[in-house]
Amino acid sequence: MKVIILTLCFAAAVLAQEKYDSVDDDFDISEVLDNERLLNSYAKCLLNKGPCTPEVKKVKDKLPEALATRCAKCTDKQKQIGKKLAQEVKSKRPDLWKELIAHYDPEGKYQESFQDYLKP
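Structure, rendered in structure tokens:
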């Protein structure tokens, strides 16, 4: 019985580690979307055209894996933030959207899964 309990505890710990750190889940995406200067600064970081803040660098470092795994390690809040950001940039800044797609998915291999993700 002790072995089963220990195994379940270990499995729970491993599953908990499978998610990205939720420390930044309280991030206010509206602040970025409503501030052209801030959005441009973040975009430059993501596109390797400018410096990165520590927060945006964390996102930048995890973005390729998140795209490849359909955000499997993202928390629900991170998925919500990412979806809102992508929808807003795609509709209001199509030029920036195209640059980000060209940078992070030049072969178009994530387009189908990403379109599914963006559906309302």
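All the letters of the sequence shown, read from the start, carry residue numbers -16 to -1, 1 to 104 under mature numbering (1 follows the signal peptide of the UniProt record, and there is no 0).
Even glycine gets a Cβ: it sits at the ideal position worked out from N, Cα and C.
Report task. For the alpha helix (DSSP H) containing residue 105, list its first residue and its last residue. Result -> No information on residue 105 is available, as it lies outside the stretch -16 to 104 that the chain covers here.
Query raised in the report: Quick one: Cα of Glu72 to Cα of Glu20, how far?
Result: Taking the first residue of the sequence shown as 1, we reach residue 72 at position 88. Taking the first residue of the sequence shown as 1, we reach residue 20 at position 36. Computed Cα separation, rounded: 12 Å.
Query raised in the report: So what's Asp79 in DSSP terms, helix, strand or just coil?
Result: Here the question's residue 79 lines up with position 95 in the sequence shown. DSSP places Asp79 in helix when its eight states are reduced to three.
Query raised in the report: Which residue from Ile85, Lys68 and Asp60 puts its Cα closest to that of Ile13?
Result: In the sequence shown, residue 13 corresponds to position 29, counting from 1. Considering only alpha carbons, the answer is Lys68.
Query raised in the report: CB Cys58 to CB Tyr101, shorter than 8 Å?
Result: Working through the sequence shown from its first residue, we reach residue 58 at position 74. Working through the sequence shown from its first residue, we reach residue 101 at position 117. The answer is no: Cβ separation not under 8 Å.
Query raised in the report: Looking at the structure shown, is Leu84 part of a helix, part of a strand, or coil, going by DSSP?
Result: Residue 84 sits at position 100 when you count from the first residue of the sequence shown. Annotated three-state conformation of Leu84 is helix, per DSSP.
Query raised in the report: Should Leu84 and Leu22 be called a contact, given that it needs their Cβ atoms to be closer than 8 Å?
Result: Position 100 of the sequence shown, counted from the first residue, corresponds to residue 84. Position 38 of the sequence shown, counted from the first residue, corresponds to residue 22. Not closer than 8 Å, so no.
Query raised in the report: Under three-state DSSP, which class holds Lys74?
Result: Position 90 of the sequence shown, counting from 1, holds the residue named residue 74. Helix at Lys74.
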